[in-house]
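Structure first, then comments.
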Amino acid sequence: MNKDSYHKTWKDRLHDIIYEADTPIGKIFDITLLILIVLSIIFVMLESVKGLPNSIYTILYYGEWVITIFFTFEYVARIVSIKRPSRYIFSFYGIIDLLSTLPLYLSFFITGTSALLTVRALRLLRVFRILKISRYIGESNRLVRALKDSGAKILVFLFAVLVLCIIMGTVMYLIEGEASGFKSIPISVYWCIVTMTTVGYGDIAPVTPLGQFIAAMIMIVGYGIIAVPTGIVSAEYASDRGSKKVHLNTQACSSCNASDHRDEANFCHKCGEDLHNE
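Using our numbering, the letters of the sequence shown correspond one by one to residues -14 to 263.
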């Protein structure tokens, strides 16, 4: 089938508008979407402010409903315009889009859930893809890769810290006892975690010299512990820096909704669908 004989269906055109940021109409749609997201967050914040005129609350209420209805149609359109709807529905953005639509409807049954509309702020993550800010796309991709690559090391480290907190919490329970507020081992472990992370709520404090000495050691160790995950991620980030080219292709596959394609890609890297159906 040659290029001239191919005619896009209404689903293909809808997909181009909703999912593609490369086309003028697609960019207009996405920027409009971002503006509505920001307005929605502002509306929710203002609605929580007491003492405003009733007319303002009325405007905010109807404004939220207008934006929610728009998001509802957008969510349905995203499902309809893709060949494999489940790929979008269960994707990160698909779940966020659903969660950002439901709270106002749930407010009919559960009071106060409309405040959860601030979850729409997560939808602003699309701004990097929409505006094609290459520097931020590259840095965000590198950061995500660094977090993924260092995930196993951080989990092992956190497990070791948890074991240490359990041991030191038990020691403090034996030394201080209930008279000092260390009423049980779980409470003592809680104190150890709070102390090691240098939060120090002050609700529990050792009173014996030995307990205070151990607490001081835990605080000093805490400063070192905080630096370890940062060093792990920083090392992974530094090793990855400049090693991979940043691709600015914003095309989403009309079949499986996959993104992050290479700039020169003609077919989807997951399902093989033609990315240039025109």
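Virtual Cβ for every residue (Gly too), placed ideally from N, Cα, C.
Check, Outcome
"Indicate whether GLY166 and ILE189 have their beta-carbon atoms separated by less than 7 Å.", "yes"
"Strictly by DSSP, which residues pair up with ASP259?", "PHE252"
"From GLY257 to ALA250, what distance separates their C-alpha atoms?", "10 Å"
"Would ILE3 pass as a contact of ARG63 if the rule is Cβ separation under 7 Å?", "yes"
"What did DSSP end up calling PHE55 once you bin it into helix, strand or coil?", "helix"
"Does the distance from the CB of SER239 to the CB of ARG69 come in under 7 Å?", "no"
"Using DSSP with H/G/I as helix, E/B as strand and the rest coil, what is THR(-6)?", "coil"
"Would HIS0 pass as a contact of SER85 if the rule is Cβ separation under 7 Å?", "no"
"Does the distance from the C-beta atom of GLY48 to that of PHE28 stay below 7 Å?", "yes"
"Among PHE56, VAL141, LYS35, HIS254, which one has its Cα closest to the Cα of PRO88?", "PHE56"
"Please state whether DSSP places LYS35 in a helix, a strand or coil.", "coil"
"Expressed to the nearest angstrom, what Euclidean distance is found between the alpha-carbon atoms of LEU24 and ASP(-3)?", "29 Å"
"Give the range of the alpha helix (DSSP H) segment to which GLU161 is assigned.", "136 to 161"
"Could you tell me the alpha carbon to alpha carbon distance between THR183 and TYR208, rounded to whole angstroms?", "7 Å"
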